[in-house]
Structure formats: C-alpha cells, structure tokens
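**Q** Here it is: the structure, laid out below.
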Amino acid sequence: MSNKVAAILSIILGLIIIICPLAGFVASAWIIALSVIFLGLYALIVGCLGETNFVNIILGILFVIFGIILFFNPAFLAFMTAFINYFLGILLIVLSIINLFTKGDGKYASIIGIIFGIIALIIGYLSFSPSFLGVVIGVWFLIAGITKLVAPNVE
Numbered sequence: 171m172s173n174k175v176a177a178i179l180s181i182i183l184g185l186i187i188i189i190c191p192l193a194g195f196v197a198s199a200w201i202i203a204l205s206v207i208f209l210g211l212y213a214l215i216v217g218c219l220g221e222t223n224f225v226n227i228i229l230g231i232l233f234v235i236f237g238i239i240l241f242f243n244p245a246f247l248a249f250m251t252a253f254i255n256y257f258l259g260i261l262l263i264v265l266s267i268i269n270l271f272t273k274g275d276g277k278y279a280s281i282i283g284i285i286f287g288i289i290a291l292i293i294g295y296l297s298f299s300p301s302f303l304g305v306v307i308g309v310w311f312l313i314a315g316i317t318k319l320v321a322p323n324v325e
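Residue numbers (the working numbering): 171 to 325.
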C-alpha cells in the first residue's frame with residue numbers, strides 16, 4: 171500500500187472517528203485490550219516455559235486481568251487516562267513549586283512546569299469523557315494522515 175493511500179485512509183478514518191467519537195474510542199479500547207491480553211499471555215508463556223520467572227507469571231496474570239477488564243468495560247480506559255493525567259499534573263506542580271523555592275536557577279522552568287501541570291489537570295478532567303478521548307483519537311488520525319500526505323516520501 172502506498173504512502174498516499176495510507177494517508178488518505180488515515181484522514182478518512184480520523185473524520186469518521188471525529189463524527190462518531192464514542193465508536194472510535196470503544197474500538198481503540200478493544201484494540202488496546204487485546205494487545206494487553208496477548209502481552210499477558212506471552213509473559214505467562216515465557217514465565218512458565220523458560221526458567222520459571224515468578225515476575226513474568228505475576229505480570230502475565232495482571233496483564234490478562236487488566237486486558238479483560240478493559241475489553242468488557244472500555245470506560246476503564248478513560249478512567250486510567252484521567253488518573254494518569256491527574257497524577258502527573260499534581261506531581262509536576264509539586265516538583266515545580268519545590269524547585270521554585272530552592273536555590274536553583276530554573277525559576278522560569280518552574281513556572282512553565284506549574285503551567286504544564288495545570289494543563290495536565292485540565293486534560294485529566296476532560297479525559298473522564300470517552301467522547302473527548304474519541305475526538306482526540308480522531309484528530310490524531312487526521313493529523314497523522316495529513317502529515318503523511320504532505321511530507322516528502324522518504325524510503
């Protein structure tokens with residue numbers, strides 16, 4: 171398949187997902203869930219067949235359970251995305267405030283860190299909505315397709 175065809179398909183898929191964001195989100199959650207399940211099965215096989223590695227077996231079981239939960243409850247992906255954004259936003263704000271009041275030279279970097287932390291908190295709040303995440307996925311496909319279409323063909 172040529173790069174132009176892949177770019178046009180990506181643009182079309184992005185527009186469809188932007189129009190129907192919930193369907194795009196659910197499809198993405200299922201793809202991620204199946205990937206996590208297969209990763210868990212691989213870790214289980216490696217843990218059982220190789221030198222028995224207890225960590226691989228435990229991680230394999232956790233990945234399979236997480237993948238099954240995600241497959242049957244795609245909204246769990248929205249929760250996890252929001253949770254990670256909240257956690258990173260709070261962590262970034264706290265570390266930036268600590269750096270702001272220490273003797274470092276990075277005062278401007280600390281202010282930018284606080285701003286990015288607040289942005290991460292806002293994105294975390296919006297990420298609770300599967301429709302918002304669906305639109306983000308659609309926009310990502312659209313931008314990837316346009317970039318692939320206008321970028322020089324490097325092979």
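Here a beta-carbon is modelled for each residue, glycine too, at the ideal position from N, C-alpha and C.
1. Between V225 and A193, what straight-line distance do the alpha-carbon atoms span, to the nearest angstrom?
2. Quick one: Cα of F271 to Cα of I254, how far?
3. Taking the alpha carbon of L258 as the reference point, which residue from I292, I281, A279, G237 has its own alpha carbon closest?
4. Assuming I182 and G308 make a contact with CB atoms under 8 angstroms, what is their CB distance in whole Å?
5. Using DSSP with H/G/I as helix, E/B as strand and the rest coil, what is G294?
6. Examine the Cβ distances between the region 281-292 and the region 238-246 and report whether three or more of them are shorter than 8 angstroms.
7. For V234, which of V196, N223, L209 has the nearest alpha-carbon?
8. Sorry if obvious, but does the Cβ on G283 come closer than 7 angstroms to a heavy atom of the ligand FMN?
9. In whole angstroms, give me the CA-to-CA distance for F311 and G184.
10. So, under 8 angstroms CB-CB, L247 and I202 are touching, yes? Tell me the CB distance rounded to an integer number of Å.
**A** Once the coordinates are examined:
1. 36 angstroms
2. 26 angstroms
3. I292
4. At roughly 11 angstroms, the Cβ-Cβ gap does not stay under 8 angstroms, so I182 and G308 are not in contact.
5. helix
6. no
7. L209
8. With respect to the ligand FMN, the structure offers nothing, as it holds no ligand at all.
9. 5 angstroms
10. 7 angstroms
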